[in-house]
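Residue numbers (our numbering): 877 to 1276.
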């Protein structure tokens, strides 16, 4: 072991993925999560292109595939349910509109936690309350009253990152609302859904139903335009009120889906937003995933950014002998073009939903952008690059 102690804030996807690679390179890792445990359910997230290679390198390909939603494809429909367009999961080698690997966010978090929990310290129901940096480390005070010192701290705590606000400044400085609001929650599968996602769009609003592994239930999603977003992301009552108000009168199966709104165990509601920052690090503190570079759910690339970013951040730090200035700089240099492509995809998707008239894109330019968003980053072989003292790949116990 290298003796490097790293604190990671956030136990969803980016945090546990980073913990895996940091441990692989010999670091002692603690993950702190403000929730009392792993959050189940959530949006279906995708892994395409280079992100699938990261999953393979982690030794998790079989486990992730076993937890997939196993969606065969998607139908866009009209208000009467007639199919307008079909997309298959095997289109474009499994990297198309419906990805070959689609998995509920909560299921992927569970796989990552099970894979790392034997060699990573997880602390739930707590968070970073204060931290102070000096040349040699970071002193952290936890909300629960604990005090500890770490060599490095990484915020992987999402769009509304508390660590980002503490170290870099208020949320308004970095969050860019894209004019769309998104909600999703699970409902009883009373709609006969069988491996095919159904999506209805009209005048900038969307209603969607997708299958999940539990065939008795389905995941519902709504989106609607909103030029401003002033709803507290923790005020669930107000969120449900606004969702009902904005989706009133919408066609297709919307009334039946909304009828389950008060009974669902896993309601999520938030603005569709991106995080734009000049730097993702300050001293011995860095950011990863949505906390640093959210591309929005409409990009389809947020999970890929988290997984690839975790691989590169840990690898660059180990290669730099755990020097934060050099390691963070290498991570940013490798990730920024990849992030830029995915954020552009996210903005274009939102714009297409809000367009009043169909717009024909430049297909050559669009395909080139999609390729950069899926595969536009190199994965160095860090196993052969780490300098003396950076730690060696650790072969401690892993869980399949």
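All residues carry an ideal CB built from backbone N, CA and C; glycine is no exception.
On the CB-based measure, 16 or more other CB atoms within 10 Å of its CB, does residue 1104 come out buried or exposed? If you number the chain shown from 1, residue 1104 lands on position 228. Exposed.
Quick check: the Cα distance between residue 860 and residue 1090, rounded to an integer number of angstroms? Only positions 877 to 1276 of the chain appear in the structure, and residue 860 is not among them; the question remains open.
What residue does the beta strand (DSSP E) around residue 923 start on, and which one ends it? In the chain shown, the residue the question calls residue 923 occupies position 47. Element bounds for residue 923: 920 to 923.
Starting from residue 997, follow its DSSP beta bridges and name the residues at the other end. To locate residue 997, count along the chain shown from 1; it is residue 121. Bridge partners of residue 997: 906.
In whole angstroms, what separates the C-alpha of residue 1093 from that of residue 1064? Position 217 of the chain shown, counted from the start, is the residue given in the question as residue 1093. Position 188 of the chain shown, counted from the start, is the residue given in the question as residue 1064. Taking the straight line joining both Cα atoms gives about 4 Å.
Can residue 1002 and residue 1008 be called in contact, C-beta distance under 7 Å? Translated into positions along the chain shown, residue 1002 becomes position 126. Translated into positions along the chain shown, residue 1008 becomes position 132. Note that the C-beta distance between residue 1002 and residue 1008 is not below 7 Å.
Buried or exposed: where does residue 978 fall if 16 or more other Cβ atoms within 10 Å of its Cβ makes it buried? As a working mapping, residue 978 is identified with position 102 in the chain shown. Result: buried.
Going by Cα to Cα distance, which pick from 1071, 1114, 954 and 1157 is closest to residue 1207? Looking up residue 1207 in the chain shown gives position 331. Of the candidates 1071, 1114, 954 and 1157, 1157 places its Cα closest to the Cα of residue 1207.
Can a CB atom of chain C be found closer than 7 Å to the CB of residue 968? Among the chains in the structure shown there is no chain C, since it carries only a single protein chain.
In DSSP terms, what residue 1076 is bridged to: Against the chain shown, residue 1076 aligns to sequence position 200. In the DSSP assignment, the residues bridged to residue 1076 are 953 and 1083.
With 16 as the cutoff for other CB atoms within 10 Å, does residue 1272 come out buried or exposed? Counting from one through the chain shown, the residue named residue 1272 turns up at place 396. Unreliable placement is indicated for residue 1272, whose pLDDT of 38 sits below 50; no coordinate value is reported for it.
Is the CB-CB distance between residue 999 and residue 1164 below 7 Å? Numbered from its first residue, the chain shown carries residue 999 at position 123. Numbered from its first residue, the chain shown carries residue 1164 at position 288. Not closer than 7 Å, so no.
For residue 1130: DSSP bridge partner residues: Position 254 of the chain shown, counted from the start, is the residue given in the question as residue 1130. According to DSSP, which records beta bridges pairwise, residue 1130 is partnered with nothing at all.
Does residue 1204 come out as helix, strand or coil in the three-state DSSP assignment? Walking along the chain shown from the start, residue 1204 turns up at place 328. Correct three-state label for residue 1204: helix.
Please return the same chain residues whose Cβ sits closer than 7 Å to the Cβ of residue 959, not counting the five positions on each side in sequence. As a first step, residue 959 is located in the chain shown; it is residue number 83 there, counting from the start. Here the set comprises 951 and 953.
Curious, which full-length alpha helix (DSSP H) runs of at least 4 residues does the region 1011 to 1045 contain? The qualifying runs are 1038 to 1043.
If you reduce the DSSP assignment to three classes, tell me which class residue 978 lands in. Counted from its first residue, the chain shown places residue 978 at position 102. It is a strand residue.
Rounded straight-line distance, which links the Cα of residue 929 to that of residue 1257: Against the chain shown, residue 1257 aligns to sequence position 381. Against the chain shown, residue 929 aligns to sequence position 53. Distance between the alpha carbons of residue 1257 and residue 929: 12 Å.
Would you check if there are 3 or more beta carbon pairs closer than 8 Å linking the region 1176 to 1190 to the region 880 to 900? Touching, yes.
By a C-beta neighbour count over all protein chains shown, 10 Å radius and 16 as the cutoff for buried, is residue 1201 buried or exposed? Along the chain shown, one-based indexing puts residue 1201 at 325. Per the 10 Å Cβ criterion, exposed.
Residue 920 versus residue 981 - alpha carbon distance: Here residue 920 refers to the residue found at position 44 when the chain shown is read from its first residue. Here residue 981 refers to the residue found at position 105 when the chain shown is read from its first residue. Near 6 Å, if we compare the C-alpha coordinates of residue 981 and residue 920.
For the region 1071 to 1091 and the region 1112 to 1130, state whether three or more C-beta atom pairs, one from each stretch, are separated by less than 8 Å. Counting Cβ pairs under 8 Å, three or more are found: they touch.
Roughly how many angstroms separate the alpha carbons of residue 956 and residue 1073, rounded to a whole number? One-based indexing of the chain shown puts residue 956 at position 80. One-based indexing of the chain shown puts residue 1073 at position 197. When rounded, the distance between both Cα atoms is 16 Å.
Check this for me: beta carbons of residue 971 and residue 1221, under 7 Å apart or not? Position 95 of the chain shown, counted from the start, is the residue given in the question as residue 971. Position 345 of the chain shown, counted from the start, is the residue given in the question as residue 1221. Cβ atoms of residue 971 and residue 1221: not closer than 7 Å.
Tell me which same chain residues have a C-beta within less than 8 Å of the C-beta of residue 1134, skipping the five on either side of it? On the chain shown, residue 1134 is found 258 positions in, with the first residue counted as 1. Here the set comprises 1119, 1120 and 1123.
Proximity below 7 Å, CB of residue 1028 to CB of residue 882: Looking up residue 1028 in the chain shown gives position 152. Looking up residue 882 in the chain shown gives position 6. The answer is yes: Cβ separation under 7 Å.
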